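Only one structure is covered here, and it is reproduced in the block below.
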Amino acid sequence: MANKTVTPTRMVLNQTKNRLKTATRGHKLLKDKRDELMRQFMDIVRRNRVLRARVEAGLTEAFGALTVASAVMSPDMLNQALMYPRQSVDLGMKFQNIMSVNVPQYTFNTKNADPGEIYPYGFTQTSGELDLAMESMNRVFADMLELAQVEKTMQLLAEEIEKTRRRVNALEYVMIPEMEENIKYISMKLSENENATKVRLMKVKDMVLKQAIEQRRADEGRTTENLG
């Protein structure tokens, strides 16, 4: 529905037309952005599924081995074996821009590159299952970190998709139709004003012509009287 508070002038009409052009371009750009965000989101969803399956399999293997180790080792011995870890990890974070969305990228570096540093114990009084648990946890750690990164990226992209979708809908179903209706309303009012002006001009012309004819007849009548 047209906004009846709009002033029906040519200046407002031109301004509304320019706003409509800008809104139409913005609508197209936002739709393209939304579609690209959806494509990126679906790619990340597929990556998330792969990583989640891999992490779950690795954790299942690690917890299974740890359960067996707990069964064959005493609780005190197990706690003592894991009490003082040798390896430490430094986590880093930077950001990548995806369609104006800053998503995190996590990295990690171990203090020591020696693979044997993942075992914080000697091998004489521990079981092989505990070794297997430590190896499984070490392998799955990088996937867990990437999974956290992917899930945070999914969350941020989903929020941006929703915001973009609302903007697209606001332009498509509210702002653009309202501006189109306003343009029709202003154009109709201007046309009515032009027609009314034409009618007034025609009336004025008829009045002037009528006065001219009457004046001519009056002049002719005076001329005839003078001749008589």
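Each number in my numbering comes from the position in the sequence shown (counting from 1) with 693 added on. Even glycine gets a Cβ: it sits at the ideal position worked out from N, Cα and C. Quick caveat: nothing in here was measured; it's all calculated off a predicted structure.
Does the beta-carbon of residue 711 have 16 or more other beta-carbons within 10 angstroms, so that it is buried, or is it exposed?
In the sequence shown, counting from the first residue as 1, residue 711 sits at position 18. With fewer than 16 Cβ atoms within 10 Å of its Cβ, residue 711 is classed as exposed.
Can the beta-carbon of residue 730 be found closer than 9 Å to that of residue 839?
Taking the sequence shown and counting its residues from 1, the one referred to as residue 730 is at position 37. Taking the sequence shown and counting its residues from 1, the one referred to as residue 839 is at position 146. No, the pair does not count as a contact, with Cβ atoms beyond the cut-off.
Leaving out five residues before and five after residue 819 in sequence, what residues of the same chain have Cβ atoms less than 6 Å from its Cβ?
Walking along the sequence shown from the start, residue 819 turns up at place 126. 774.
Starting from residue 785, follow its DSSP beta bridges and name the residues at the other end.
Residue numbering aside, residue 785 sits at position 92 when the sequence shown is read from its first letter. 800, per the DSSP bridge assignment.
Limits of the unbroken alpha helix (DSSP H) element including residue 713
As a position in the sequence shown, residue 713 is number 20, starting the count at 1. First-last of the alpha helix (DSSP H) with residue 713: 703 to 765.
Let me make sure I understand the geometry here. Which of 741, 703 and 804 has the alpha-carbon closest to that of residue 846?
On the sequence shown, residue 846 is found 153 positions in, with the first residue counted as 1. Out of 741, 703 and 804, 741 has the C-alpha closest to the C-alpha of residue 846.
Compare the beta carbon distance of residue 826 and residue 762 with 9 Å and say whether it is the shorter of the two.
Taking the sequence shown and counting its residues from 1, one reaches residue 826 at position 133. Taking the sequence shown and counting its residues from 1, one reaches residue 762 at position 69. Cβ distance < 9 Å, so residue 826 and residue 762 count as in contact.
Would residue 879 pass as a contact of residue 702 if the rule is Cβ separation under 9 Å?
Here residue 879 refers to the residue found at position 186 of the sequence shown. Here residue 702 refers to the residue found at position 9 of the sequence shown. Contact: yes.
Enclosing alpha helix (DSSP H) for residue 780 [first to last residue]:
Here the question's residue 780 lines up with position 87 in the sequence shown. Note, residue 780: premise wrong, no alpha helix (DSSP H); not H, not E.
In the DSSP assignment, what are the bridge partners of residue 901?
On the sequence shown, residue 901 is found 208 positions in, with the first residue counted as 1. Note: residue 901 sits in no beta bridge, so no partner.
Identify every residue that forms a DSSP beta bridge with residue 791.
Here the question's residue 791 lines up with position 98 in the sequence shown. According to DSSP, which records beta bridges pairwise, residue 791 is partnered with 794.
Just to confirm the assignment, what range does the alpha helix (DSSP H) spanning residue 827 have?
Sequence index remark: in the sequence shown, residue 827 carries index 134 (1-based). Where residue 827 is concerned, the enclosing alpha helix (DSSP H) stretches over 821 to 863.
Rounded to whole angstroms, how far is the Cβ of residue 931 from the Cβ of residue 800, which I believe are closer than 8 Å?
No answer is possible for residue 931: the residues shown for the chain start at 694 and end at 921.
What would DSSP say about residue 813, mapped onto helix, strand or coil?
Taking the sequence shown and counting its residues from 1, the one referred to as residue 813 is at position 120. The answer is coil: DSSP assigns residue 813 none of H, G, I, E or B.
For residue 856, the nearest candidate out of 698, 705 and 723 (CA to CA):
Residue numbering aside, residue 856 sits at position 163 when the sequence shown is read from its first letter. Residue 723 is the option with its Cα nearest to residue 856.
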